[in-house]
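K.L.:
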Amino acid sequence: MIKASYFFENVDIYKTHNLIEKPIISVILPTFCRGNNGLLKRAIDSVINQSFKEWELIIVDDGSIDKTRQVVESYLNNENRIIYIRNNINSSLPALRVNQGIMHARGDYIAYQFDDDLWFNNALQDLYNEIIKLDTPSLVYGKCQFIDVISKEEIVFGENFNFNQLHLTNLIANNTVLHSKELPFRYGGYDCHVVMKRLCDWDLWLRWAEVVPFVHVDSIVSCVEANQEGSLGRTSLFDSLIIRYMQNVNRANILGIDRIKEYVVDDLSMFNKDSLKEMIYREHIMPWSSKKIEFMNVKEFSRLPIKKENIVVLIDGYNATTNITLTNFFSLLNERYNVLFVTIYNLDHRIFEYADVLILQRFSYVTPEIHNLCANIPTIYLMDDNLLKLYTLGNNYMQYAPNTEAYSVIANYIKSSNLILTTNSGISNDVKAINENTFEISTNILEKYIPEKLVIRNQDKLKIAWIGYNSRKEELDIFESDIRRICTEFENVIEFYFFGSSEELCEKFPYENCFLIPHVSDYYKYIEKLKEYQFNFVISLIENTEFKNCKSPIKFLEITAAGAVGIYSNEIVYHKVKDKKNGFLIENKSGNLYKKIKEVMLVDKLELNEIFDRAREDILSTYTTEVNKDLFILMIELAKFNYYLKDNRKIGFIINENISS
Numbered sequence: 001m002i003k004a005s006y007f008f009e010n011v012d013i014y015k016t017h018n019l020i021e022k023p024i025i026s027v028i029l030p031t032f033c034r035g036n037n038g039l040l041k042r043a044i045d046s047v048i049n050q051s052f053k054e055w056e057l058i059i060v061d062d063g064s065i066d067k068t069r070q071v072v073e074s075y076l077n078n079e080n081r082i083i084y085i086r087n088n089i090n091s092s093l094p095a096l097r098v099n100q101g102i103m104h105a106r107g108d109y110i111a112y113q114f115d116d117d118l119w120f121n122n123a124l125q126d127l128y129n130e131i132i133k134l135d136t137p138s139l140v141y142g143k144c145q146f147i148d149v150i151s152k153e154e155i156v157f158g159e160n161f162n163f164n165q166l167h168l169t170n171l172i173a174n175n176t177v178l179h180s181k182e183l184p185f186r187y188g189g190y191d192c193h194v195v196m197k198r199l200c201d202w203d204l205w206l207r208w209a210e211v212v213p214f215v216h217v218d219s220i221v222s223c224v225e226a227n228q229e230g231s232l233g234r235t236s237l238f239d240s241l242i243i244r245y246m247q248n249v250n251r252a253n254i255l256g257i258d259r260i261k262e263y264v265v266d267d268l269s270m271f272n273k274d275s276l277k278e279m280i281y282r283e284h285i286m287p288w289s290s291k292k293i294e295f296m297n298v299k300e301f302s303r304l305p306i307k308k309e310n311i312v313v314l315i316d317g318y319n320a321t322t323n324i325t326l327t328n329f330f331s332l333l334n335e336r337y338n339v340l341f342v343t344i345y346n347l348d349h350r351i352f353e354y355a356d357v358l359i360l361q362r363f364s365y366v367t368p369e370i371h372n373l374c375a376n377i378p379t380i381y382l383m384d385d386n387l388l389k390l391y392t393l394g395n396n397y398m399q400y401a402p403n404t405e406a407y408s409v410i411a412n413y414i415k416s417s418n419l420i421l422t423t424n425s426g427i428s429n430d431v432k433a434i435n436e437n438t439f440e441i442s443t444n445i446l447e448k449y450i451p452e453k454l455v456i457r458n459q460d461k462l463k464i465a466w467i468g469y470n471s472r473k474e475e476l477d478i479f480e481s482d483i484r485r486i487c488t489e490f491e492n493v494i495e496f497y498f499f500g501s502s503e504e505l506c507e508k509f510p511y512e513n514c515f516l517i518p519h520v521s522d523y524y525k526y527i528e529k530l531k532e533y534q535f536n537f538v539i540s541l542i543e544n545t546e547f548k549n550c551k552s553p554i555k556f557l558e559i560t561a562a563g564a565v566g567i568y569s570n571e572i573v574y575h576k577v578k579d580k581k582n583g584f585l586i587e588n589k590s591g592n593l594y595k596k597i598k599e600v601m602l603v604d605k606l607e608l609n610e611i612f613d614r615a616r617e618d619i620l621s622t623y624t625t626e627v628n629k630d631l632f633i634l635m636i637e638l639a640k641f642n643y644y645l646k647d648n649r650k651i652g653f654i655i656n657e658n659i660s661s
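Note that UniProt numbering has the sequence shown beginning at 1, numbered continuously upward.
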């Protein structure tokens, strides 16, 4: 196995005369054999022609054997902003060369350009104008003009940031990005493992988006030409299965730029199953290493093997439900499970070799591949909503009514799965009519999000929020007049916020003390945003319907995490809430919210602290991920047990392994 340090040997570094002393932006441009066709020159010119001038360009040559050196040297004689890193060993790993460039970066910010792409003249200026507005280390990105040189298709992509969408596909072009220099040092740089050649940028965005802000710049800054001869798109395997596997391997420490030299670029020990290792070796390692005879003399460096179970989760899309029901647990059980989230759109036949357990989250698609997976792997069907009662929501959901195809698909999944994971007894009771193998785990939140005490606010006005707008429109209709009355009568003492709402509410509530907070797609950033606003009271109301009665009390947890006291509907969903004990309750009738707000305005701080403390104690004792972690492990083991019993297999139990034969 080969350490990255091997590729940093035998290197020459050339700098222009009178090199710029304090560049603001460092531009990293990795290249290999693009000196003959004019593409490298075009890319360099697009940097030089930027309207923003305070940059340095670090060209990292991966051992080119064409005229690349001559092309770069022609600029070294005329420019005072270029560093040329000439590697005499070819790695065929662009991510490794980008990391090498970052090691030499001197700017406050880093941008990337590539030898087959180019920038428009406004690129760095537009990106810089946005990033200097941000007061924390961040990443900004613009739009990209994408051209397929084979099909001639042209599109523009790069929209407002959506964390859930990023999990499904990458719409952030590498050369539209500008970020604070410290990010790769603090959170890890590009993964230069052989398997990540094609997807290292997507992987990096996924890792960084969990810890730093991503801000969209509404400007077309670059042109990407896909499928150029010799490009990664034509020479490297697009393996979405691997990136989803690697997302469960904590690599922040080993990918830090100051430690990247020790990274083993062809390491197989991080893959925990022999069949998976064989697949990785066959499809990735062997094609790469077979072109590099010199590796045969390099000393091998090994690591301790990691033995984990592989969990594949089939999802319609990545959303808050995924975080609450699964990701919370997997974040605590990282040493036990590797987790791969897969959608119907990137289903891969190699999952058969990979998966130990399959989880279907709200899944309502059926394909032969999924049918075979369910038949041959322990399968869990996750229902945090009562999918059997979706049709009760009205005409828009009648395709899920009994005797429809969609209903039959869901019922068949329930029937054929080895275990049904639910979040409350209402769902369990309906499911048991189809499959008695149900397992209930209440909704949960990570303990770290629960504050130790109610935050004492010093603001002049009470801050009150309504959350759950998109799924609570019927409830808002009931209490619309209450909110109008609250905003008008108490305009000098109350600020009213709609959290996660849309612009249409501006017309409904055109008051100066009424504010709209846009939806936050990343669940954990949503929790942090709730905390940030320091609300005194947060309202979560829910109708008494067949479907909504099976919802979880997650808002009780989120409101407490925000350091606020909640106002809830007196319905079965919030049966754990007791009026004036750990929250406030109202009946779902117009006028009651107004009355309750008048009431809570008079409650003294000591009593509010006691109410909050009781809510906090209830959550810490019942609803944290940590409290329910062992139940989650048991649930997976029970699904496996049911799977092995389904064909009347004989099971042997070892009671005491020390008993002599």
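C-beta: ideal position from N, C-alpha, C; glycine also.
1. Out of Ile85, Glu225 and Ser138, which has the shortest C-alpha to C-alpha gap to Ala111?
2. So what does DSSP say about Leu419, is it helix, strand or coil?
3. Quick one, which of Cys33, Asn122, Ser74 and Asn386 has its alpha-carbon nearest Ser91's?
4. Can you pull the DSSP bridge partners for Asn584?
5. Go ahead and label Val211 buried or exposed: buried means 16 or more other beta carbons lie within 10 angstroms of its beta carbon, across all protein chains shown.
6. Check whether the region 252-264 and the region 185-201 touch, using three or more Cβ-Cβ pairs below 8 Å as the test.
7. Please determine, among Leu347, Leu388, Leu358 and Asp356, the residue with the shortest C-alpha to C-alpha distance to Glu369.
8. Which whole-angstrom value is the C-beta distance of Val339 and Asn248, which I expect to be below 8 Å?
9. Classify His371 as helix, strand or coil using the three-state DSSP reduction.
10. Measuring straight from C-alpha to C-alpha, what distance separates Ile611 and Asn386?
11. What's the gap between the Cα of Val96 and the Cα of Thr622?
12. Since Ile220 and Gln125 should fall inside the 8 Å C-beta cutoff, what is the C-beta to C-beta distance between them, to a whole number of angstroms?
13. Around the Cβ of Lys152, are there at least 16 other Cβ atoms within 10 angstroms (buried) or fewer (exposed)?
14. Does DSSP classify Trp325 as helix, strand or coil?
15. Would you mind stating whether Ile28 and Gly101 have Cβ atoms separated by less than 7 Å?
16. I'd like to know whether the C-beta atoms of Asn10 and Asn88 end up nearer to each other than 7 Å.
17. Which of helix, strand or coil does DSSP assign to Cys192?
18. Check the C-beta distance from Val264 over to Lys3 and give it rounded, since I have them as a contact under 8 Å.
19. Is Thr422 near Thr443, with beta carbons less than 7 Å apart?
20. Across which residues does DSSP place Gln247 in a beta bridge pair?
21. Give the DSSP bridge partners of Ala111, in chain order.
22. Classify His349: buried if its beta carbon has 16 or more other beta carbons within 10 angstroms, exposed otherwise.
23. I'd like the span of the alpha helix (DSSP H) that includes Tyr524, first residue to last.
24. Taking the straight line between their C-alpha atoms, what separation do you get for Ala320 and Asp522?
25. Along the chain, where does the beta strand (DSSP E) containing Arg86 start, and where does it finish?
26. Which same chain residues end up closer than 6 Å to Leu541 when comparing Cβ atoms and leaving out the 5 residues on each side of it in sequence?
27. Does DSSP put Asp148 in a helix, in a strand, or in coil?
28. Sort Phe363, Phe329, Ala355 and Arg336 by Cα distance to Tyr345 and report the nearest one.
29. How far does the alpha helix (DSSP H) with Thr68 in it extend, from its first residue to its last?
30. Are there 16 or more other CB atoms within 10 angstroms of the CB of Arg282, so buried, or fewer, so exposed?
31. Ile131: which of Asp630, Ser590, Asn334 and Thr176 sits nearest, CA to CA?
32. Please specify which runs of the beta strand (DSSP E), each continuous and at least 3 residues long, are wholly inside the region 428-453, giving them in chain order.
33. Assuming Leu462 and Val493 make a contact with CB atoms under 8 Å, what is their CB distance in whole Å?
34. Would DSSP call Ile633 helix, strand or coil?
P.N.:
On the basis of the data shown:
1. Numbered from its first residue, the sequence shown carries residue 111 at position 111. Looking at the Cα atoms, Ser138 is the closest of the given residues.
2. Here residue 419 refers to the residue found at position 419 when the sequence shown is read from its first residue. Correct three-state label for Leu419: strand.
3. Here residue 91 refers to the residue found at position 91 when the sequence shown is read from its first residue. Of the candidates Cys33, Asn122, Ser74 and Asn386, the one whose C-alpha sits nearest the C-alpha of Ser91 is Cys33.
4. As a working note, residue 584 is residue 584 in the sequence shown. Note that residue 584 is Phe in the sequence shown here, rather than Asn. According to DSSP, Phe584 bridges with Ile567.
5. The residue given as residue 211 occupies position 211 in the sequence shown. By the 10 Å Cβ count, Val211 comes out exposed.
6. yes
7. Looking up residue 369 in the sequence shown gives position 369. Of Leu347, Leu388, Leu358 and Asp356, the residue nearest in Cα terms is Leu347.
8. Along the sequence shown, one-based indexing puts residue 339 at 339. Along the sequence shown, one-based indexing puts residue 248 at 248. Correct: roughly 5 Å between the Cβ atoms.
9. For this step, residue 371 is matched to residue 371 along the sequence shown. Residue state, collapsed to three classes: helix.
10. Taking the sequence shown and counting its residues from 1, the one referred to as residue 611 is at position 611. Taking the sequence shown and counting its residues from 1, the one referred to as residue 386 is at position 386. If you take the alpha carbons of Ile611 and Asn386, they lie about 31 Å apart.
11. Along the sequence shown, read from residue 1 onward, the residue named residue 96 stands at position 96. Along the sequence shown, read from residue 1 onward, the residue named residue 622 stands at position 622. A small fix is needed here, since residue 96 is Leu in this sequence, not Val. Cα to Cα, the separation comes out at about 46 Å.
12. The sequence position of residue 220 within the sequence shown is 220, counting from 1. The sequence position of residue 125 within the sequence shown is 125, counting from 1. Contact flag wrong, Cβ pair sits at about 13 Å.
13. Taking the sequence shown and counting its residues from 1, one reaches residue 152 at position 152. Lys152 comes out exposed.
14. Taking the first residue of the sequence shown as 1, we reach residue 325 at position 325. The question names Trp, but residue 325 is Thr in the sequence shown. Thr325: helix per DSSP, three-state reduction.
15. Here residue 28 corresponds to residue number 28 of the sequence shown, with the count starting at 1. Here residue 101 corresponds to residue number 101 of the sequence shown, with the count starting at 1. In contact: Ile28 and Gly101 (Cβ atoms closer than 7 Å).
16. Locating residue 10 in the sequence shown gives position 10, where the first residue counts as 1. Locating residue 88 in the sequence shown gives position 88, where the first residue counts as 1. Yes, these two residues count as a Cβ contact at 7 Å.
17. Here the question's residue 192 lines up with position 192 in the sequence shown. Reduced to three states, the DSSP call for Cys192 is coil.
18. In the sequence shown, the residue the question calls residue 264 occupies position 264. In the sequence shown, the residue the question calls residue 3 occupies position 3. The pair is a contact, with the Cβ atoms about 6 Å apart (cut-off 8 Å).
19. Taking the first residue of the sequence shown as 1, we reach residue 422 at position 422. Taking the first residue of the sequence shown as 1, we reach residue 443 at position 443. Contact flag unset, no.
20. Within the sequence shown, residue 247 is the residue found at index 247, counting from 1. DSSP, once it has assigned bridges, lists no residue as partnering Gln247.
21. On the sequence shown, position 111 is the one that residue 111 refers to. DSSP lists Val27 and Leu178 as partners of Ala111.
22. In the sequence shown, the residue the question calls residue 349 occupies position 349. Result: exposed.
23. Reading the sequence shown from its first residue, position 524 is the one you call residue 524. Tyr523 to Glu532 is the extent of the alpha helix (DSSP H) around Tyr524.
24. Within the sequence shown, numbered from 1, the residue matching residue 320 stands at position 320. Within the sequence shown, numbered from 1, the residue matching residue 522 stands at position 522. The alpha-carbon atoms of Ala320 and Asp522 are separated by roughly 7 Å.
25. In the sequence shown, the residue the question calls residue 86 occupies position 86. Residues Ile82 to Asn87.
26. Numbered from 1 along the sequence shown, position 541 holds the residue referred to as residue 541. Around Leu541: Glu475 and Ser569.
27. For the purposes of this step, residue 148 is identified with residue 148 of the sequence shown, where counting begins at 1. Looking at Asp148 - three-state DSSP - the assignment turns out to be strand.
28. Residue mapping note: residue 345 aligns to position 345 of the sequence shown, counting from 1. Taking only the C-alpha atoms, the option nearest Tyr345 is Phe363.
29. In the sequence shown, the residue the question calls residue 68 occupies position 68. Where Thr68 is concerned, the enclosing alpha helix (DSSP H) stretches over Thr68 to Leu76.
30. Within the sequence shown, numbered from 1, the residue matching residue 282 stands at position 282. Classification of Arg282: exposed, given that the 10 Å Cβ count is below 16.
31. Position 131 of the sequence shown, counting from 1, holds the residue named residue 131. Here the closest residue by C-alpha is Thr176.
32. 438-440
33. The residue labelled residue 462 in the question sits at position 462 within the sequence shown. The residue labelled residue 493 in the question sits at position 493 within the sequence shown. Leu462 to Val493, Cβ: 6 Å. Contact.
34. The count along the sequence shown starts at 1 and reaches residue 633 at position 633. Ile633 falls in the helix class under three-state DSSP.
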